[in-house]
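So the working numbering is basically just the index in the first sequence, starting at one, shifted up by 5.
This report refers to the structure that appears directly beneath it.
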Amino acid sequence: MEKMKTLRGFRDISGEELGKFRLIEAVSRKHLRLLGFSEMDIPILEKTELFVRSIGDTTDIVEKEMFTFTDMGGDSLTMRPEATAGMVRAYLQAGLYVKERVSKLFTIGPMFRHEKPQKGRFREFHQLDVEVFGVDDPLIDAELLWMIHGVLTELGVENYTMEVNSVGCPACRDTFRRVLVDYFRTKSDLLCEDCNRRLERNPLRIFDCKHGQCIDVSRGSPLLFDYLCGDCKVHLDVFLRHITDFGVLVTMNKRLVRGLDYYTKTVFEVTSDELGAQKAFIAGGRYDNLVEEMGGPKTPGTGFAIGMERLALLARAEPTNIVPTYFFAYLGERARGYLVPLLKAFADAGLPLAYTYDGRSLKSQMRYADNLNADFVFILGDDEIDKGIVVLRDMKTKAQCELLLEPSTIPREALKLSGE
RNA sequence: GUGGCUGUAGCUCAACGGUAGAGUACCUGGCUGUGGACCAGGGUGUUGCGGGUUCGAUCCCCGUCAGCCACCCCA
Numbered sequence: 006m007e008k009m010k011t012l013r014g015f016r017d018i019s020g021e022e023l024g025k026f027r028l029i030e031a032v033s034r035k036h037l038r039l040l041g042f043s044e045m046d047i048p049i050l051e052k053t054e055l056f057v058r059s060i061g062d063t064t065d066i067v068e069k070e071m072f073t074f075t076d077m078g079g080d081s082l083t084m085r086p087e088a089t090a091g092m093v094r095a096y097l098q099a100g101l102y103v104k105e106r107v108s109k110l111f112t113i114g115p116m117f118r119h120e121k122p123q124k125g126r127f128r129e130f131h132q133l134d135v136e137v138f139g140v141d142d143p144l145i146d147a148e149l150l151w152m153i154h155g156v157l158t159e160l161g162v163e164n165y166t167m168e169v170n171s172v173g174c175p176a177c178r179d180t181f182r183r184v185l186v187d188y189f190r191t192k193s194d195l196l197c198e199d200c201n202r203r204l205e206r207n208p209l210r211i212f213d214c215k216h217g218q219c220i221d222v223s224r225g226s227p228l229l230f231d232y233l234c235g236d237c238k239v240h241l242d243v244f245l246r247h248i249t250d251f252g253v254l255v256t257m258n259k260r261l262v263r264g265l266d267y268y269t270k271t272v273f274e275v276t277s278d279e280l281g282a283q284k285a286f287i288a289g290g291r292y293d294n295l296v297e298e299m300g301g302p303k304t305p306g307t308g309f310a311i312g313m314e315r316l317a318l319l320a321r322a323e324p325t326n327i328v329p330t331y332f333f334a335y336l337g338e339r340a341r342g343y344l345v346p347l348l349k350a351f352a353d354a355g356l357p358l359a360y361t362y363d364g365r366s367l368k369s370q371m372r373y374a375d376n377l378n379a380d381f382v383f384i385l386g387d388d389e390i391d392k393g394i395v396v397l398r399d400m401k402t403k404a405q406c407e408l409l410l411e412p413s414t415i416p417r418e419a420l421k422l423s424g425e
């Protein structure tokens, strides 16, 4: 039989990387709690329509990147490619808009996009997704960036850039879109094939093109910034003022746009040069019309998502292990008889105890304990049993002492000694 | 979806078309009851998979799968 392997772009995550994930989660949860967020787990599988309606049917995600299939009942289902759509659905389904003025929610879990894998990009990847419903005030947008700043600092992420912009509301965006199309039409022969396609479908995205000539052309283009309506302009100004109040450093990038249709006003992206081509590891923005478009009452929203895999590549902070680890080396059947009582005693004390199942030579067990990075090793053989003691060896100092061979008191005694 | 590079031991990588190797890791012993260093021994392998060419393929050819990098796009 052929060896079974994970699907392309799917991975088993363990060891150091999983440790980074857990650390990111712990640090983020702490900061989220300080700002009154509560966690919500939502399904991975939803009706396809949910994503088509929220993300937009002409976006790349919906057009070619979703894991979609038909279930036995004939419904089209999709593995979520992002979390916001599901969060909005859950918000409406729970009727949170009548229960509370403001809902601050977050969720952590896998997302799925059928893309070609490369550095920092997988078909199954993990996001920590944060959403706020019910707040118009740009203070909340600034607050989110402030929180991100705090999380990144605590994780030891240093070289990153926060870029912000406003994509306006549907009103000013439509005006601008016409101006932009007019401009690029006059230069269409200078634009690459992709950009000519974008010109018809989503002209804002021409700003994202990496071709030298397209960059030159878009450099001379009009900017949405200059076409923002009064409301959007004020929102942006207040947002930037609050950013300053929080003392967070951001860069205004007037050409920053987003790939999902639902964004309005504030958009932002946190990038790092250490990530290669996919340099954005946190991105988000405001979506003031999405809840209404999804069939709810008019409710402003704003949020962001952290790409866990990408942030894990940047996080320098290490998870710290404060509990000492113990190993039980036993010689012979009589000594092995103490294994289960000791395991029970250590479990009661909430301490981990490692051991071998085959009780090989002491040398071998010591080597094993060393590989496990054990701080202390208990050594028990016939000599000790006859004397009614057990030897406790400190692996770092090599100092050894004797403890009374009484399983119920050993964990406490050992902890006392290792505290020194 | 497109393009380039790459698939050999747990890991990093060798091997002119001629019996698959090294370093490291791991196991055992030296030390019959004490880890790391040292010494000796041990290869743990469907050379990703499937075909083809050949007396003979890890090597050449085709296909396929996977990984990496870039594009598209995105966290």
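Glycine included, C-beta positions come from ideal geometry on N, C-alpha and C.
Boundaries of the beta strand (DSSP E) in which residue i is found, first to last residue
i, result
"residue 116", "108–117"
"residue 154", "Run containing residue 154: none in the beta strand (DSSP E); it sits in the alpha helix (DSSP H), 144–159."
"residue 331", "331–335"
"residue 72", "72–75"
Which residues DSSP lists as bridging residue i, in chain order
i, result
"residue 232", "Answer by DSSP bridge pairing: none, since residue 232 is not bridged."
"residue 429", "Since the displayed the chain opens at 6 and closes at 425, residue 429 lies outside it and no answer follows."
"residue 257", "169"
"residue 394", "409"
"residue 248", "Answer is none; residue 248 lacks a bridge partner."
"residue 50", "84"
"residue 225", "Residue 225 pairs with nothing; no bridge assigned."
"residue 288", "274 and 310"
"residue 126", "123"
"residue 358", "331"
"residue 319", "Paired residue(s): none; residue 319 is not in a bridge."
"residue 133", "113 and 311"
"residue 138", "108 and 306"
"residue 399", "381"
Cβ-Cβ separation, residue j to residue i (assumed contact under 8 Å), whole Å
i, j, result
"residue 240", "residue 270", "5 Å"
"residue 168", "residue 273", "6 Å"
"residue 265", "residue 61", "6 Å"
"residue 175", "residue 14", "Going by Cβ atoms, the distance from residue 175 to residue 14 rounds to 35 Å, so no, they are not a contact pair."
"residue 108", "residue 138", "4 Å"
Beta-carbon gap between residue i and residue j smaller than 8 Å
i, j, result
"residue 222", "residue 204", "no"
"residue 97", "residue 289", "no"
"residue 143", "residue 118", "no"
"residue 378", "residue 330", "yes"
"residue 268", "residue 227", "no"
"residue 383", "residue 333", "yes"
"residue 397", "residue 419", "yes"
"residue 284", "residue 293", "no"
"residue 58", "residue 298", "yes"
"residue 253", "residue 150", "yes"
"residue 112", "residue 44", "yes"
"residue 94", "residue 51", "yes"
"residue 218", "residue 195", "yes"
"residue 262", "residue 210", "yes"
"residue 47", "residue 92", "yes"
"residue 302", "residue 350", "no"
"residue 391", "residue 423", "no"
"residue 140", "residue 305", "yes"
Backbone secondary structure at residue i - three-state DSSP
i, result
"residue 186", "helix"
"residue 413", "coil"
"residue 405", "strand"
"residue 42", "coil"
"residue 262", "coil"
"residue 366", "coil"
"residue 64", "coil"
"residue 267", "coil"
"residue 419", "helix"
"residue 343", "coil"
"residue 26", "helix"
"residue 15", "coil"
"residue 162", "coil"
"residue 214", "coil"
Residue span of the alpha helix (DSSP H) that contains residue i, given as start and end
i, result
"residue 204", "198–206"
"residue 385", "That residue, residue 385, is in no alpha helix (DSSP H); its beta strand (DSSP E) goes 381–385."
"residue 89", "89–98"
"residue 377", "Careful: residue 377 lies outside any alpha helix (DSSP H) and carries neither H nor E."
"residue 295", "295–298"
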